[in-house]
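Trainee: Listed in order, the protein sequences are those of chains A and B. Each residue of the first sequence is one higher than the last, beginning at 9 in our numbering. Each residue of the second sequence is one higher than the last, beginning at 19 in our numbering. C-beta: ideal position from N, C-alpha, C; glycine also. This is the structure, below, for whatever I ask next.
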Amino acid sequence: MNKKQAKVASRTLAALALAALAACATPPTGDKELMAEFEQTNDPLEPTNRVVFQFNQGVDTVVLRPAALAYRTVVPEFGRDRVGDFLSNLYAPLTFVHDVLQGEMSRAGTTLGRFVMNTTFGVFGIMDVAAPAGLAPHSEDAGQTLGVWGAPEGAYLILPVLGPSNPRDLTGRVADWFLDPYQHATRDADWARWGRTGGSAIDGRERALDVLDDLEKTSLDYYAAVRSLYRQRRNTEIRNGKAADSITPGLTQ
Amino acid sequence: MPTRRSFLALAFATCAMLAGPATVRAAVDDPGRFVTTMAQQAIQTAASPGLSRDARLDRFRTLFVAAFDMNELGRAVLGPYWRQASPVQQTQFLDLFRELQVLTWAGRFQDYSAIDLTVLGVGKSPDGTVAVETVIARGAGGQPIPVLWRLNKSPEGFKVVDIVVEGVSMAITERKVYFSAMQSLGGKIDGLLDIMRRKIDQLKA
Chain A
9 MNKKQAKVAS
19 RTLAALALAA
29 LAACATPPTG
39 DKELMAEFEQ
49 TNDPLEPTNR
59 VVFQFNQGVD
69 TVVLRPAALA
79 YRTVVPEFGR
89 DRVGDFLSNL
99 YAPLTFVHDV
109 LQGEMSRAGT
119 TLGRFVMNTT
129 FGVFGIMDVA
139 APAGLAPHSE
149 DAGQTLGVWG
159 APEGAYLILP
169 VLGPSNPRDL
179 TGRVADWFLD
189 PYQHATRDAD
199 WARWGRTGGS
209 AIDGRERALD
219 VLDDLEKTSL
229 DYYAAVRSLY
239 RQRRNTEIRN
249 GKAADSITPG
259 LTQ
Chain B
19 MPTRRSFLAL
29 AFATCAMLAG
39 PATVRAAVDD
49 PGRFVTTMAQ
59 QAIQTAASPG
69 LSRDARLDRF
79 RTLFVAAFDM
89 NELGRAVLGP
99 YWRQASPVQQ
109 TQFLDLFREL
119 QVLTWAGRFQ
129 DYSAIDLTVL
139 GVGKSPDGTV
149 AVETVIARGA
159 GGQPIPVLWR
169 LNKSPEGFKV
179 VDIVVEGVSM
189 AITERKVYFS
199 AMQSLGGKID
209 GLLDIMRRKI
219 DQLKA
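In structure tokens:
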């Protein structure tokens, strides 16, 4: 992290701390079941989070969503898939680091194999040739590694511009600045760093266009829906896609 | 964040709900077949052209209600507030909830007309529901989407109680959303019913 980034980060944190002081959600009193549900939701900063969420919605409406829509209009699906493959290949080294940190050696092997194959035969990653060959993609980050190590997620958090998070994932974001081999490889090339970040933002937003539009339209409480979705997705990623409860196989009745 | 692809899975999963009651009975002992047959029938229904929006919605409603345990889902979604509601409120809630779900899922499925669903295995969850693990294939080069179906067995056959797409449970998400809505309403059921009515009007518009 350079000085400028550190300054931005510390300001953001300060703003968040102030906002956190400003309002806290009131827990329901009396009913045990309601209390349990409230604690499970684990969003004590909800009033503040909702304000930041609204702000982010504004930013999304003005900047990110139109950009994603334009991207979808201008670039055909085949092209978007190539961009997506290329970007995800740039994250492969980071995924590899976390596969190792999580002790998942077989998955680390997969990631390494994918990176080598896709960077060479896949021409710098624009064509995911490893997946059809049986090496399915997955992605890891420091937030997931902390989760695997047993760190609790902490209270739900909406970060300005960046969106849903929690202390564990926020810590992960910062850690990944230092851990990501790509960040080191592009130390003197800001365009490459910001290019990947910006590209991933638009690529990701384009993929989420339909599901988020639908969720916003149909949901009684969009904020709560996104909160639940974020949490479930992250937990699934931490479990590497395995089901939350153990399913006894072989039953047919 | 969910991706466009998981949305497709949702949409496809929805198609699979279009099974007629006859199919439900035919597949009464085989949960895997219940899910696949639903999917196939769904495609046939979805592909049938020449129906007006209202007619298609009516048809969807019949199929949806037959394949889903909407009362169970509704009760679960209201959670701790269920027993605080009067019997009249409970009935009203279930009616509105059913209609909201029908409109929600009808909207999700309407643009799609093909599904390639494979049953990976059938098991039993700790909560006693039957779990059918499936993957839905995507077009060129995409990774298949894992979709887990949770079924209850009733005298009329299987009924879906939850669909878990890439680890995201529809039932849990809805439960959280309704709980949150009830919290902001200070626990007033009638307030919730009003919001639900407004949402239904919005979706019908």
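#1: Can you have a look at S173/A and say buried or exposed, based on whether 16 or more other CB atoms are within 10 angstroms of its CB?
#2: Just mark Q220/B as buried or exposed, buried being the case when its beta carbon has 16 or more other beta carbons within 10 Å.
#3: Does DSSP put N156/B in a helix, in a strand, or in coil?
#4: Could you check if G249/A is buried or exposed, using at least 16 other CB atoms within 10 Å of its CB as the buried criterion?
#5: Among the residues of its own chain, which have a CB less than 6 Å from the CB of F132/A, if the five just before and after it don't count?
#6: What did DSSP end up calling W157/A once you bin it into helix, strand or coil?
#7: Which whole-angstrom value describes the C-beta separation of L96/B and R215/B, a residue pair presumed to lie in contact below a C-beta threshold of 8 Å?
#8: Near A251/A, which residues of its chain fall below 6 Å by C-beta distance, leaving aside the five closest residues on each side in sequence?
#9: Under 8 Å, Cβ to Cβ, is there at least one residue of chain A near G175/B?
#10: For N170/B, which beta-bridge partners are listed by DSSP?
#11: Listed from N- to C-terminal order along the chain, which residues in the segment 215 to 228 of chain A have their beta-carbon within a distance smaller than 7 Å of any beta-carbon of chain B?
#12: Let's see if you can read the secondary structure: which residues bound the alpha helix (DSSP H) around V195/B?
#13: I'd like to confirm something about L237/A: is its beta-carbon nearer than 7 Å to some heavy atom of the ligand ZN, or not?
#14: Alpha carbon to alpha carbon, what distance is there between V82/A and L72/A?
#15: Taking buried to mean at least 16 other C-beta atoms within 10 Å of its own C-beta, is M135/A buried or exposed?
#16: Determine the extent of the beta strand (DSSP E) in which P172/A is found, giving its start and end residues.
#17: Can you pull out the residues from the segment 62 to 95 of chain B whose beta carbon lies closer than 7 Å to at least one beta carbon of chain A?
#18: Going along the chain, which residues of its own chain have a beta-carbon closer than 7 Å to the beta-carbon of K217/B, five neighbours each way excluded?
#19: With distance defined between alpha-carbon atoms, name the residue in F61/A, N57/A, G87/A and T103/A nearest to E214/A.
#20: According to the neighbour-count rule (16 or more other Cβ atoms, all chains shown, within 10 Å of its Cβ), is R122/A buried or exposed?
#21: Does any CB atom of chain A fall closer than 8 Å to the CB of V120/B?
#22: According to the neighbour-count rule (16 or more other Cβ atoms, all chains shown, within 10 Å of its Cβ), is D208/B buried or exposed?
#23: Compare the C-beta of A103/B with all C-beta atoms of chain A and state if any pair is closer than 8 Å.
#24: Tell whether a beta-carbon distance below 8 Å holds between G139/B and E151/B.
#25: With DSSP run on the structure shown, which of helix, strand or coil describes P164/B?
#26: E184/B touches chain A at which residues, Cβ-Cβ below 8 Å?
#27: List, in order along the chain, the chain B residues whose C-beta lies closer than 8 Å to that of S173/A?
#28: Grab me the residues of F63/A's own chain with a C-beta within less than 7 Å of its C-beta, minus the 5 sequence neighbours each way, in chain order.
#29: Measure from the alpha carbon of M200/B to the alpha carbon of each residue in L211/B, I190/B and K142/B, then state which is nearest.
#30: Could you give the distance in angstroms between the alpha-carbon of D229/A and the alpha-carbon of A159/A?
#31: May I ask you to list the residues that DSSP assigns as paired with F86/B?
#32: Pair every Cβ in the segment 140 to 158 of chain A with every Cβ in the segment 103 to 121 of chain A, then say whether three or more of these pairs are closer than 8 Å.
#33: Which residues in the same chain as A139/A place their Cβ atom closer than 7 Å to its Cβ, once the five residues preceding and following it in sequence are excluded?
#34: Tell me the rounded alpha-carbon separation between W199/A and F129/A.
#35: Hey, does G97/B have any beta-carbon neighbour from chain A nearer than 8 Å?
#36: Taking CB distances under 8 Å as the criterion, tell me whether E45/A reaches chain B.
Mentor: Concretely, from the data shown:
#1: Label assigned to S173/A: buried.
#2: With fewer than 16 neighbouring CB atoms inside 10 Å of its own CB, Q220/B falls in the exposed class.
#3: Here residue 156/B turns out to be Arg, not Asn, going by the sequence shown. Reduced to three states, the DSSP call for R156/B is coil.
#4: So G249/A ends up on the exposed side.
#5: So no residue of the chain qualifies.
#6: Three-state result, W157/A: coil.
#7: Contact doesn't hold; Cβ gap of about 16 Å is too wide.
#8: Within the same chain, A251/A has no close Cβ partners at all.
#9: Not closer than 8 Å to any Cβ of chain A, the Cβ of G175/B fails to qualify, so no.
#10: Per DSSP, K177/B.
#11: Within the segment 215 to 228 of chain A, the qualifying residues are R215, A216, L217, D218, V219, D222, T226, S227 and L228.
#12: Going by DSSP, V195/B is part of the alpha helix (DSSP H) stretching over M188 to S202.
#13: Only the bare structure without any ligand can be found here, which leaves the ligand ZN out of the picture.
#14: Distance between the alpha carbons of L72/A and V82/A: 15 Å.
#15: With a threshold of 16 other beta carbon atoms within 10 Å, M135/A meets it and is buried.
#16: G171 to S173 is the span of the beta strand (DSSP E), which, as asked, contains P172/A.
#17: For the segment 62 to 95 of chain B, the set of residues with a beta-carbon nearer than 7 Å to any beta-carbon of chain A is empty.
#18: L118, listed in sequence order.
#19: When only C-alpha atoms are compared, the closest one is G87/A.
#20: The residue is buried, with at least 16 neighbouring Cβ atoms inside 10 Å.
#21: With 8 Å as the cut-off, V120/B does not count as an interface residue toward chain A.
#22: Exposed: under 16 other Cβ atoms inside 10 Å.
#23: For A103/B, the answer is no, since every Cβ of chain A falls outside 8 Å of its Cβ.
#24: Their beta carbons are under 8 Å apart, which means G139/B touches E151/B by this criterion.
#25: In the structure shown, the three-state DSSP call for P164/B is strand.
#26: Result: R241, T244 and G249.
#27: Identification of chain B residues near S173/A by a Cβ-Cβ cut-off of 8 Å yields none; the smallest Cβ-Cβ distance measures about 12 Å.
#28: Hits under 7 Å: P168.
#29: Out of L211/B, I190/B and K142/B, L211/B has the C-alpha closest to the C-alpha of M200/B.
#30: Straight through space, the alpha carbons of A159/A and D229/A are spaced by roughly 29 Å.
#31: Listed as beta-bridge partners of F86/B by DSSP are V178/B.
#32: Remark: three or more beta-carbon pairs, one from each stretch, lie closer than 8 Å, so the segment 140 to 158 of chain A and the segment 103 to 121 of chain A are flagged as touching.
#33: Counting only Cβ-Cβ distances below 7 Å, and skipping sequence neighbours, we find P145.
#34: W199/A and F129/A have their C-alpha atoms spaced approximately 25 Å apart.
#35: Chain A contact via Cβ: present.
#36: E45/A counts as touching chain B.
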